[in-house]
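Q: Pasting in a structure now, in structure tokens, and then I'll have a few things to ask.
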Amino acid sequence: METIKNLSKNLLHGLSQIFRRKSDKKELYVSSAPKYKTTAGDVVFNILNYSFFIIFTFACIFPFYYLFINTISDNDLVRKGAITFIPKGIHLRNYISLRSVGDLAQSFKVTFARTVLGTALMVCASGLVGFLVTKREMWGRSFWYRFIIITMYFNAGLVPWYLNMSMLGLTDNFLGYIIPGIVAPYNIILVKTYVESIPAELEESAYIDGASYMKVFTRIIWPLSKPILATIAIFGAVGHWNSFQDSLIIMQNNASLYTLQHRLYIYLNQTTNIGQAMRSGNMQLSASMQAALLNAKTIKYTISMVTVIPILLVYPFMQRYFEKGIMLGAVKG
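Now the structure itself:
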């Protein structure tokens, strides 16, 4: 019994020593931690910093908000400039009326098809080329990489570009929207840098197991590169959706291939003619629809809002990939 008592006494004493040492270390760690005192300068800096970003955010959001409330407010009040912060006489007639303008629907289809197809091909090409130029065993790797990158800095100009597109048969052709944008040098740089950040052991183990370059790309590189691929997909989608110059120059003789931005440009410059056409009966619209579209200002606002909404809806879902991809893909060039 005495032996058991002695053992239990020694065990308790040892545990108490252990806990005492831990508490002493904790107190030492807490006491040694530097104490930062907020100064008046820090408070002023925080106030100015937060104020700046709040104002900047408001400046970015307000134009879209102003555009939207003017499209759903009473058209007479919009014409008089009475709508500033709060919508008045809310209605959706402007948006409903746009469905009756046939060429606008066709332009929307062309722009949507161009954005989806052009972005998909660009992402696939950028991903594959960005992967290939990381392989040292690729024939002429440095030459081909530099050959692609140099196109970012040298441009022949607008007239040679148009002549080249004409000789290739891409004028008044839907492929004129797609083919020139498949190879994007900047996106290839981002993908190349991202692929180089992936551990080489993953590829080496696949090569040892007998995998080909294409299988390594599709099974390993492609799934791991989703952040950077989503990032360049945003770049491509926004670029195709907002593209205007190519439609204006190479689609002069084929109005059915006008993009939405090109159509918006035409409407912004011909709102008076649209009103006259509706008054003369060339556009078969009801009286309420005519009243909604006769106001030139509401025509501009409504069509502008229609062209902006799709990108605003897509971007929030891609933002988490965008932030990660652009950081990892831009560490080194």
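Adding 49 to a residue's 1-based position in the sequence shown gives its number in the numbering used here.
Just so it is clear, CB atoms sit at the ideal spot from N, CA and C, and this is done for glycine as well.
Would you mind stating whether I299 and T220 have Cβ atoms separated by less than 9 Å?
A: Numbered from 1 along the sequence shown, position 250 holds the residue referred to as residue 299. Numbered from 1 along the sequence shown, position 171 holds the residue referred to as residue 220. In contact: I299 and T220 (Cβ atoms closer than 9 Å).
Q: Might you give, ordered along the chain, the residues of its own chain that have their beta carbon closer than 6 Å to the beta carbon of N236, omitting 5 neighbours on each side?
A: Position 187 of the sequence shown, counted from the start, is the residue given in the question as residue 236. The residues are S175, I281.
Q: Checking 9 Å against the spacing of the C-beta atoms, do L141 and F223 come in under that value?
A: Taking the sequence shown and counting its residues from 1, one reaches residue 141 at position 92. Taking the sequence shown and counting its residues from 1, one reaches residue 223 at position 174. No, the Cβ-Cβ distance between L141 and F223 is not below 9 Å.
Q: Where does S80 fall in DSSP's three states?
A: Within the sequence shown, numbered from 1, the residue matching residue 80 stands at position 31. Here the model assigns S80 a pLDDT of 48, short of 50, so the residue's position is not dependable, and the following value carries that caveat. Three-state DSSP puts S80 in a helix.
Q: Pull up the distance between the alpha-carbon of V159 and that of N119, whole angstroms please.
A: Within the sequence shown, residue 159 is the residue found at index 110, counting from 1. Within the sequence shown, residue 119 is the residue found at index 70, counting from 1. Roughly 27 Å between the two C-alpha positions.
Q: Return the CA-CA distance between Y316 and T133, expressed in angstroms with no decimal places.
A: Translated into the one-based positions of the sequence shown, residue 316 becomes position 267. Translated into the one-based positions of the sequence shown, residue 133 becomes position 84. The alpha-carbon atoms of Y316 and T133 are separated by roughly 24 Å.
Q: Is DSSP giving G285 helix, strand or coil here?
A: On the sequence shown, residue 285 is found 236 positions in, with the first residue counted as 1. Here G285 sits in helix by DSSP.
Q: Specify, as a first and last residue, the run of the alpha helix (DSSP H) that W193 falls within.
A: The count along the sequence shown starts at 1 and reaches residue 193 at position 144. Where W193 is concerned, the enclosing alpha helix (DSSP H) stretches over 190-198.
Q: Work out the CA separation of S254 and A260 for me, nearest whole Å.
A: For the purposes of this step, residue 260 is taken as residue 211 along the sequence shown, with counting starting at 1. For the purposes of this step, residue 254 is taken as residue 205 along the sequence shown, with counting starting at 1. Approximately 9 Å between the Cα atoms of the pair.
Q: What's the C-alpha gap between F180 and I104?
A: For the purposes of this step, residue 180 is taken as residue 131 along the sequence shown, with counting starting at 1. For the purposes of this step, residue 104 is taken as residue 55 along the sequence shown, with counting starting at 1. F180 and I104: Cα-Cα distance of roughly 42 Å.
Q: Please confirm whether S305 has its beta-carbon closer than 9 Å to some beta-carbon of chain D.
A: This model lacks chain D altogether; it includes just one protein chain.
Q: What are the boundary residues of the alpha helix (DSSP H) that includes G138?
A: As a working mapping, residue 138 is identified with position 89 in the sequence shown. Premise fails: G138 is in no alpha helix (DSSP H) and is neither H nor E.
Q: Applying the criterion that 16 or more other CB atoms from any shown protein chain within 10 Å of the CB defines a buried residue, is R393 buried or exposed?
A: No answer is possible for residue 393: it lies beyond the span of the chain, which begins at 50 and ends at 382.
Q: Would you give the residue range spanned by the alpha helix (DSSP H) that M263 belongs to?
A: Within the sequence shown, the letter at position 214 stands for residue 263. Residues 262-265.
Q: How many Å lie between L170 and L126 at the Cα?
A: Residue 170 sits at position 121 when you count from the first residue of the sequence shown. Residue 126 sits at position 77 when you count from the first residue of the sequence shown. Distance between the alpha carbons of L170 and L126: 46 Å.
Q: Could you round the C-beta distance between I227 and G167 to whole angstroms and report it? I think they count as a contact, below 8 Å.
A: One-based indexing of the sequence shown puts residue 227 at position 178. One-based indexing of the sequence shown puts residue 167 at position 118. Indeed, because the Cβ distance is near 5 Å, the residues count as touching under 8 Å.
Q: Since M214 contacts G225 with CB under 8 Å, what's their CB separation in whole angstroms?
A: Here the question's residue 214 lines up with position 165 in the sequence shown. Here the question's residue 225 lines up with position 176 in the sequence shown. Indeed, because the Cβ distance is near 6 Å, the residues count as touching under 8 Å.
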